[in-house]
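In numbering that gives the first Met the number 0, the protein residues as written are 0 to 203.
One structure is given here, and the rest of the page talks about it.
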Amino acid sequence: MLLLQELLSREFDRKLFLISLTYPRPRCRFLLARFTAIFGLLLILLVALAALLSGLTTFIGSSYTQSTPPDLGLPYLVTLGFIALDLLVVLAIGTLIAVTTTTPSFVLIGTLGFMLVARSYSAIVALLTRDSTLVGNADGYQSSLSLLGYLLPDLAALDVRMISLYGQWQFLPEDWALRVVSALAYAAALLGLSVWALNRKKFA
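See below:
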C-alpha cells in the first residue's frame with residue numbers, strides 16, 4: 000500500500016506524470032508496469048519470509064516433538080499461493096484507489112478498510128447463522144452483510160493455513176478452484192477499471 004502510494008499517488012501529486020506520460024506509449028503500460036513491479040517485489044518478500052519461517056520451524060521442530068507437526072511440503076506451497084492471490088486482490092483495489100483518488104493518504108486508508116471488510120463480513124454472517132441472538136434483527140443484519148458478497152471478494156475464504164499447520168488436506172475447501180477463479184476475475188476487473196480510469200483521467 001505504501002509502495003502504491005509512492006509510485007502512483009505521489010507521482011500524480013508531485014506532477015511527475017508530466018514526464019512519465021509524455022513518452023509515446025499508452026497509459027495502460029505506465030500503470031501495468033508499476034503494478035507488475037510492486038507485485039513482483041511482494042512475491043520476492045513473500046518467498047523470503049516463507050523461507051525464513053520454514054527454516055525456523057524446522058530448527059525448532061528438531062528439538063520439540065509435536066503430535067501434528069506442520070507440513071512444509073506441498074501444503075505449504077499451496078498456502079503461499081493463496082497468500083499471493085490475496086495480495087494480488089488487495090494490490091488491485093489499491094491500484095484503483097490510487098488512480099481515482101486525489102488524496103495520496105486515502106490509498107492507505109481505503110485499502111485497509113477494504114481489507115478489513117473483505118476479511119470479516121463472511122465470518123460475521125457465519126456467526127449470525129449459528130447464533131441469531133447475538134444482535135437484534137439478526138435476519139436483516141445478515142441479509143445486509145450477505146449483499147457484500149456480490150460487491151467484495153471473500154478474502155477470508157483464501158485463508159487455507161490449516162492444511163499446512165496440521166498437514167491434512169481435508170481443511171482445503173472443496174470449492175477452492177471456484178474461489179481462486181473468482182479472486183482472479185475480481186482482481187482482473189479491478190485492474191481493468193484502473194486502466195479505464197487512468198485513460199479518462201484529466202491532468203491539470
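Ideal Cβ placement from N, Cα and C applies to all residues, glycine included.
Quick caveat, the model's predicted, so the values are computed rather than measured.
Would you grab the beta carbon distance between T99 and F34 for me? Rounded to a whole angstrom, and I think it's under 8 Å. That belief does not hold up - the Cβ atoms of T99 and F34 are roughly 15 Å apart, past 8 Å.
Same chain, Cβ closer than 6 Å to A156, neighbours up to 5 away in sequence not counted: R178
Using only the alpha-carbon positions, how far apart do E173 and V159 sit? Taking C-alpha positions only, E173 is separated from V159 by approximately 12 Å.
Using a Cβ distance threshold of 8 Å, determine whether the stretch 112 to 125 contacts the stretch 187 to 197, with at least three qualifying pairs required. no
Chain-order list of residues whose beta-carbon lies under 6 Å from that of F81 (same chain, five-residue window excluded): Cβ neighbours of F81 beyond the five flanking positions: L157, V159.
Range of the contiguous alpha helix (DSSP H) that encloses L55: 26 to 60
Determine the closest residue to T204 out of F105, L84, G166, with distance taken between C-alpha atoms. Missing from the structure shown is residue 204; the chain here goes from 0 to 203 and no further.
N198 versus L192: straight-line alpha-carbon distance, rounded: 10 Å
Using CA coordinates, which residue listed in L45, W168, P25, S163 is at the minimum distance from L87? L45
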